[in-house]
Structures are given as C-alpha cells and as structure tokens.
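Novice:
2 protein chains.
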Amino acid sequence: MTQSRPRNIPEATVARLAVYLRVLAGLADDGRSHVSSGELASAAGVNPAGLRKDLSHLGPCGVRGVGYSVAGLRARLSEALGGERSRPCVLVGLGRLGSALADYTGFASRGFTFVGLLDSDPATVGTRVGGCTVRPVEELEAVVRATAATIGVITTPAEVAQSVCDRLVAAGVRSILNFAPVALSVPAGVDVRKVDLSVELQVLAFLDQQRAQVPAPAAALRTAGSLG
Amino acid sequence: MTQSRPRNIPEATVARLAVYLRVLAGLADDGRSHVSSGELASAAGVNPAGLRKDLSHLGPCGVRGVGYSVAGLRARLSEALGGERSRPCVLVGLGRLGSALADYTGFASRGFTFVGLLDSDPATVGTRVGGCTVRPVEELEAVVRATAATIGVITTPAEVAQSVCDRLVAAGVRSILNFAPVALSVPAGVDVRKVDLSVELQVLAFLDQQRAQVPAPAAALRTAGSLG
DNA sequence: TCTTGTGAAACGCTTCACAGCC
DNA sequence: GGCTGTGAAGCGTTTCACAAGA
Numbered sequence: 001m002t003q004s005r006p007r008n009i010p011e012a013t014v015a016r017l018a019v020y021l022r023v024l025a026g027l028a029d030d031g032r033s034h035v036s037s038g039e040l041a042s043a044a045g046v047n048p049a050g051l052r053k054d055l056s057h058l059g060p061c062g063v064r065g066v067g068y069s070v071a072g073l074r075a076r077l078s079e080a081l082g083g084e085r086s087r088p089c090v091l092v093g094l095g096r097l098g099s100a101l102a103d104y105t106g107f108a109s110r111g112f113t114f115v116g117l118l119d120s121d122p123a124t125v126g127t128r129v130g131g132c133t134v135r136p137v138e139e140l141e142a143v144v145r146a147t148a149a150t151i152g153v154i155t156t157p158a159e160v161a162q163s164v165c166d167r168l169v170a171a172g173v174r175s176i177l178n179f180a181p182v183a184l185s186v187p188a189g190v191d192v193r194k195v196d197l198s199v200e201l202q203v204l205a206f207l208d209q210q211r212a213q214v215p216a217p218a219a220a221l222r223t224a225g226s227l228g
Numbered sequence: 001m002t003q004s005r006p007r008n009i010p011e012a013t014v015a016r017l018a019v020y021l022r023v024l025a026g027l028a029d030d031g032r033s034h035v036s037s038g039e040l041a042s043a044a045g046v047n048p049a050g051l052r053k054d055l056s057h058l059g060p061c062g063v064r065g066v067g068y069s070v071a072g073l074r075a076r077l078s079e080a081l082g083g084e085r086s087r088p089c090v091l092v093g094l095g096r097l098g099s100a101l102a103d104y105t106g107f108a109s110r111g112f113t114f115v116g117l118l119d120s121d122p123a124t125v126g127t128r129v130g131g132c133t134v135r136p137v138e139e140l141e142a143v144v145r146a147t148a149a150t151i152g153v154i155t156t157p158a159e160v161a162q163s164v165c166d167r168l169v170a171a172g173v174r175s176i177l178n179f180a181p182v183a184l185s186v187p188a189g190v191d192v193r194k195v196d197l198s199v200e201l202q203v204l205a206f207l208d209q210q211r212a213q214v215p216a217p218a219a220a221l222r223t224a225g226s227l228g
C-alpha cells in the first residue's frame, strides 16, 4: 500500500498511459535510458504536450532539460495502472473471437490471466485454449467464486450476452468487457466497456466514402491510379 | 435527387448511427413498425436526447408525437452510412485474431466482404477462411489493385505492421483498421483507426482497482479528497 | 539552451430544457 | 397529451503558450 493517490485520472488519459507503458517496454529492450516527451509521443502517436499533461496526473515524472528516465517512468506508470500483480479474468464464449482473446499473449504479458474459460457447446468444453481448460457454462458461478475474479469478458452471441452478464454480476464480477453487439444493462457499481468490431469497420467505411465523394482538399490526395 | 448531404457528422455520432441501425434491424425482425426515441435509445444504451441529436444530423427523420418509422429510419441510416453496396476489404495477418475477423458474420451482413486475405506463413497460405483463400503476402499489391479495395485490416504482429501499412497505402488503400499494438504513420489523406484490445482490458482493470480501493459505493465518488 | 510542467484558451461532445408539431 | 427537433448550457478533453528549472 504505497502512497499512490487515486486522483481522478481521466479515462482517456488512462488509456494512453497503457500505450506509453508498452512503448517504454520497447525502449527498455533497446537499452535506452532516457527519452524525451517528443520522442515518446511520436512513438505513441500523440501530441507531446498532451503526453506531458497525461503524465502530470502522476506528479513530476521527469527532469527538465533532460527528459524522462525510461526505467523510472516505466515503474511509475506500471504502479499507477495497477502494478504487476496478476489479475484473474473469466471469459465466456469460446467462439473464434473468444478463443483468439484467450490465447492472446498481449494479455498475459500485462498481468491478465484467464483463470476461467466457459462455453455452452459440449464440443468445445474440455478443450484447452491458451493454457486453460474450457468448462461448461453451468459452472460459471462456481468458477468466479473459486477464482475471486472481478473481471469478465463476454464473447458470446448477442442473444445470450445479457443473461451471461447477469450471472457474472451476481457471482461477484464488477468489471465487464463486452464484445457482443448489444447494450448490457447492469446495476450501479458495475462497469461495462463495449468493443464493437463491426462498428469500427463501419465508421472507417463512412469516412472512406466521405473522402471519396469530396474532391481532394489540397493536393493531399494522390491519384488513385486504377484506370479500368 | 439524392439530397443526402454529407454534412460533417461527428465521428462519435457515426459510431452510434451504426448501432441504431443494428437495433432497428432487430425491431424490424420483430415486426415493429414504429419506435420512439426513448425505446430506441434504451436498446442502444444511450441517452434519448442524444439519440435525437444524432439523428438530427440527417435532417428530420421522425413524426412528432408518434416516433420513428422503423423501415424509414432504417433506410435513412443505411444510406447515410454508405448504403448496402458491398465494400471490398483486404486483411493481412491470419493469426487467431485475423482468422476470427475474416470469419465474422457480423461484417458480411453489413456489406463488408473480404476479397483478399494475406499471410506470410506458408502453412496458412492456401487455407480457406470465411469463404476466401489465403494468399501469400507477396501478392498484396496485386490483390489490392485487382479488387480495388480501399479498406485494409491489419492483424499482423507489431513488428511488421508498419511495413504492411506502407504497402497497403502504396497500393491504393486509404482507410486502415489497425489491431497491431503500434502507432502507424501514414501520409495525409489516409485514415487509420486503431483498436487496442489489451488497452481496453487495462483501462477496465484500472477502473476496477480504483473502485476496489474506495469501499463505499456510488455516492462516495464525489467525497474523496476534500479536507474541511 | 533544452525540456518539463501547467494554467488558460479552444474545441467537441453530452446533457438539458423547451419550443414546435402531430 | 405525446414525442420530436434543437438552441444553449455544461462538461471533459485537447491544444497552446510560456514559466520554471536542470
């Protein structure tokens, strides 16, 4: 229990802190000892001033005229985001997407471990995905309680997502990442983040189409090149 | 004749329009002919007034005192988002996540068809995923030009994402959905949307931890920090 | 000089309240 | 009476400009 003060850090900032942390890991692997806000911002794809403002929520992190210590900043960010402690997660719905997530090394390397994988398909139950055996969805409550998981990931079809969500919440899960294309309703005190992959594509397509209809603003657009 | 004006619709609004469109499809399947902003907003997980403001970007869509025609609003939204016309997409990197996306029916039902799947692994090349045969990544330029695809999806490891991106752009792709955990740099006129799954989980975990540190529920969020 | 840290302005999005129309 | 459409207020985030400090 260090003096980590939970000053309300804006959610948008938290998301970027996670990105900075990953970039710093890469810099550390390259043997770098210091980095400036400009370089770090460039690698993270953000504005340098914005990066400094983000870091200012953690108090002074750098040295003026010099930059940031890679190791020092990394430790600071890691602690602010919850430390290296392992976080037990359960995932429900091992279709294509669920299996991909359960086997995604990007999670494990950040302290997230899937301690429970649940599916309703008898053909999937019993198989091993990402080092964990899939169990029948009937055992959901037992698994959540046994593992004390507070984070749940839903990758089921939309039709059953709400009932799965209800069961997760009843069993003690307070944070849910929802990939099913429905709006989940949860009681106060439970947080849901939604990731909607087809919406992402649709937004991209909209912008793409919008750009195609309007002629190039300056000479920014290259000739498309496809003639017949 | 088609007086649909592509007035700059906020990006956040575009994302929600796609959600409304999906909800409307469900209502149509249920045989509903009309719906109010309240009901539609509830199903989409948003504020009713916000929904009406979103729709206001398309001009008047409903009937005061009555609500919205399900079929009429659906047609309007569909057209605003780019219509039903099929959009050719290419996807590079058929690991677990890439395969899941290529086989995701949620895309196909919205007019997105993967006309090119590319991978560098000889063991993956030649297999069929979601009705399309995987081809060697060397053929990237040829596939993009042959299909006139303007949308690309990158699900490769981070190390090769930038080079894949460069090749997509050079071949004519102007809109990219990036799942690799790196910031891609692209010339002006090209749009990149990034989806970072491990960041989503990390933000969720941060909020989860933050809530765990403050024992009291709900109302206690405001009272932290002030000294009398 | 160089770079961080930060108030303040600027921006975009959300929420509210109510006018307008059925 | 009921519901939509919308100006205006409110809020959070981003950007700017510069003071502070190694």
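Sequence lines, in order, name chains A and B.
Terminal number for the first sequence in the UniProt record's numbering: 228, no gaps in between.
Terminal number for the second sequence in the UniProt record's numbering: 228, no gaps in between.
Just so it is clear, CB atoms sit at the ideal spot from N, CA and C, and this is done for glycine as well.
(1) For the region 82-102 of chain B against the region 160-173 of chain A, do three or more pairs of beta-carbon atoms, one drawn from each stretch, fall closer than 8 Å, so that the two count as touching?
(2) Does any residue of chain A have a CB that is nearer than 7 Å to the CB of B/E84?
(3) For A/R193, does the three-state DSSP call read helix, strand or coil?
(4) The alpha helix (DSSP H) spanning B/G111 covers which residue range?
(5) Hey, would you say A/A18 sits closer than 7 Å to B/Q202, going by beta carbons?
(6) Along chain B, in chain order, which residues have C-beta atoms closer than 9 Å to that of A/D208?
(7) Could you give the uninterrupted runs of the alpha helix (DSSP H) lying entirely in the UniProt DNA-binding region "H-T-H motif" (19-58) of chain A, keeping only those of 4 residues or more?
(8) Assuming the contact rule is C-beta atoms closer than 8 Å, B/I151 and B/V186 should be a hit. Round their C-beta distance to whole Å, please.
(9) Quick check: A/G38 and B/A183, are their CB atoms within less than 7 Å of each other?
(10) Using the Cβ count rule (16 or more neighbours within 10 Å means buried), how would you classify B/A212?
(11) Taking A/V92 as part of the beta strand (DSSP E), name the residues at either end of that continuous run.
(12) Sort B/L94, B/P10, B/R96 and B/R110 by Cα distance to B/S56 and report the nearest one.
(13) Going by other Cβ atoms of all chains shown within 10 Å of its Cβ, with 16 needed for buried, is A/P157 buried or exposed?
(14) Go ahead and label A/R16 buried or exposed: buried means 16 or more other beta carbons lie within 10 angstroms of its beta carbon, across all protein chains shown.
(15) Could you tell me if A/N178 is buried or exposed, where buried requires 16 or more neighbouring beta carbons within 10 angstroms of its beta carbon?
(16) Could you tell me if B/G225 is buried or exposed, where buried requires 16 or more neighbouring beta carbons within 10 angstroms of its beta carbon?
(17) I'd like to check one pair, A/L94 with A/V134: are the Cβ atoms closer than 7 Å?
(18) B/V70 lies in the alpha helix (DSSP H); which residues open and close that run?
(19) By Cβ distance below 6 Å, which residues in the same chain neighbour A/A12 in space, the five residues on each side in sequence not counted?
(20) Starting from B/T133 and walking both ways along the beta strand (DSSP E), at which residues does that stretch end?
(21) Can you list the residues of chain B that A/E11 reaches, using a CB-CB cut of under 8 Å?
(22) Within 7 Å of any Cβ in chain B, is that where the Cβ of A/E200 sits?
(23) Answer yes if the region 67-84 of chain A comes into contact with the region 26-33 of chain A, meaning at least three C-beta pairs across the two stretches below 8 Å, and no otherwise.
(24) Kindly indicate which residue of A/G189, A/V195 and A/L207 has the alpha-carbon position closest to the one of B/G190.
(25) Which first and last residues belong to the alpha helix (DSSP H) in which B/S163 is found?
(26) Looking at the structure shown, is B/N8 part of a helix, part of a strand, or coil, going by DSSP?
(27) Quick one: is A/P181 buried, meaning 16 or more other Cβ sit within 10 Å of its Cβ, or exposed?
(28) If you run the structure through DSSP and keep just helix, strand and coil, what is B/R145?
(29) Take B/V129 as the anchor and find which of B/G50, B/S99, B/A123 and B/F107 has the nearest alpha-carbon.
(30) Below 8 Å on C-beta distance, what does A/Y104 contact in chain B?
(31) At what residues does the alpha helix (DSSP H) containing B/G152 begin and finish?
(32) For the UniProt DNA-binding region "H-T-H motif" (19-58) of chain B, list every residue whose C-beta sits within 7 Å of some C-beta in chain A, in sequence order.
(33) Could you pull out every residue in the same chain whose Cβ sits closer than 6 Å to the Cβ of B/R167, ignoring the five residues on either side in sequence?
(34) Below 7 Å on C-beta distance, what does A/V14 contact in chain B?
(35) Hey, does A/R128 have any beta-carbon neighbour from chain B nearer than 7 Å?
Specialist: Per the coordinate set shown:
(1) At 8 Å Cβ cutoff, the stretches do not touch.
(2) On the second sequence, residue 84 of chain B is found 84 positions in, with the first residue counted as 1. Not one chain A Cβ lies under 7 Å of B/E84.
(3) The residue you call residue 193 of chain A lines up with position 193 of the first sequence. In the structure shown, A/R193 sits in a strand (DSSP, three-state: E or B).
(4) The residue you call residue 111 of chain B lines up with position 111 of the second sequence. For B/G111, no alpha helix (DSSP H) segment is defined, and its DSSP state is neither H nor E.
(5) Here residue 18 of chain A is taken as the residue at index 18 of the first sequence, counted from 1. Here residue 202 of chain B is taken as the residue at index 202 of the second sequence, counted from 1. Yes, the Cβ-Cβ distance between A/A18 and B/Q202 is below 7 Å.
(6) The count along the first sequence starts at 1 and reaches residue 208 of chain A at position 208. Within 9 Å of the CB of A/D208, the CB atoms of chain B belong to G82, R87, T150, I151, R174, S175 and D191, in sequence order along the chain.
(7) DSSP runs (the alpha helix (DSSP H)) wholly in the UniProt DNA-binding region "H-T-H motif" (19-58) of chain A: 37-44 and 48-56.
(8) Looking up residue 151 of chain B in the second sequence gives position 151. Looking up residue 186 of chain B in the second sequence gives position 186. Actually they are not in contact, since the Cβ atoms of B/I151 and B/V186 sit about 14 Å apart, beyond 8 Å.
(9) As a working note, residue 38 of chain A is residue 38 in the first sequence. As a working note, residue 183 of chain B is residue 183 in the second sequence. Contact flag unset, no.
(10) Along the second sequence, one-based indexing puts residue 212 of chain B at 212. Its Cβ having fewer than 16 others within 10 Å, B/A212 is exposed.
(11) Reading the first sequence from its first residue, position 92 is the one you call residue 92 of chain A. R87 to V92 is the span of the beta strand (DSSP E), which, as asked, contains A/V92.
(12) Here residue 56 of chain B refers to the residue found at position 56 when the second sequence is read from its first residue. Selected option, being the one with the closest Cα: B/P10.
(13) If you number the first sequence from 1, residue 157 of chain A lands on position 157. Looking at its Cβ environment, which holds fewer than 16 other Cβ atoms inside 10 Å, A/P157 is exposed.
(14) Your numbering for residue 16 of chain A matches position 16 in the first sequence. Classified as buried, A/R16 has 16 or more neighbouring CB atoms from the shown chains inside 10 Å of its CB.
(15) Here residue 178 of chain A refers to the residue found at position 178 of the first sequence. Its Cβ being crowded by 16 or more others within 10 Å, A/N178 is buried.
(16) To locate residue 225 of chain B, count along the second sequence from 1; it is residue 225. At B/G225 the pLDDT is 33, less than 50, meaning the model places this residue with poor confidence; the figure from the coordinates comes in the next sentence. Under this definition B/G225 is an exposed residue.
(17) Within the first sequence, numbered from 1, the residue matching residue 134 of chain A stands at position 134. Within the first sequence, numbered from 1, the residue matching residue 94 of chain A stands at position 94. Cβ distance < 7 Å, so A/V134 and A/L94 count as in contact.
(18) Locating residue 70 of chain B in the second sequence gives position 70, where the first residue counts as 1. Counting along the chain, B/V70 sits inside the alpha helix (DSSP H) bounded by residues V70 to A80.
(19) Looking up residue 12 of chain A in the first sequence gives position 12. There are no such residues.
(20) Translated into the one-based positions of the second sequence, residue 133 of chain B becomes position 133. For B/T133, the uninterrupted beta strand (DSSP E) run begins and ends at C132 to P136, by DSSP.
(21) Taking the first residue of the first sequence as position 1, residue 11 of chain A is located at position 11. The answer, in chain order, is V203 and L207.
(22) Position 200 of the first sequence holds residue 200 of chain A. Closer than 7 Å: yes.
(23) Yes, the region 26-33 of chain A is in contact with the region 67-84 of chain A.
(24) As a first step, residue 190 of chain B must be located in the second sequence, where it is residue number 190. Looking at the sequence shown, residue 190 of chain B is not Gly but Val. Ranking the options by Cα distance to B/V190, first place goes to A/L207.
(25) For the purposes of this step, residue 163 of chain B is taken as the residue at position 163 of the second sequence. In the DSSP assignment, B/S163 falls within the alpha helix (DSSP H) that extends over A158 to A171.
(26) Here residue 8 of chain B is taken as the residue at index 8 of the second sequence, counted from 1. Three-state DSSP puts B/N8 in coil, outside helix and strand.
(27) As a first step, residue 181 of chain A is located in the first sequence; it is residue number 181 there, counting from the start. By the neighbour-count criterion, in which a residue is buried when 16 or more other Cβ atoms sit within 10 angstroms of its Cβ, A/P181 is buried.
(28) The count along the second sequence starts at 1 and reaches residue 145 of chain B at position 145. If DSSP states are grouped into helix, strand and coil, B/R145 belongs with the helices.
(29) Position 129 of the second sequence holds residue 129 of chain B. Answer by Cα proximity: B/S99.
(30) Residue numbering aside, residue 104 of chain A sits at position 104 when the first sequence is read from its first letter. Near A/Y104 (Cβ distances below 8 Å), the residues of chain B are R96, L97, L197 and S198.
(31) One-based indexing of the second sequence puts residue 152 of chain B at position 152. Where B/G152 is concerned, there is no enclosing alpha helix (DSSP H), although the beta strand (DSSP E) it sits in stretches over I151 to I154.
(32) Answer in chain order: V19, R22, A43, A44 and G45.
(33) To locate residue 167 of chain B, count along the second sequence from 1; it is residue 167. The answer, listed in chain order, is L140.
(34) Here the question's residue 14 of chain A lines up with position 14 in the first sequence. Correct list: V203 and F206.
(35) Along the first sequence, one-based indexing puts residue 128 of chain A at 128. The beta carbon of A/R128 sits no closer than 7 Å to any beta carbon of chain B.
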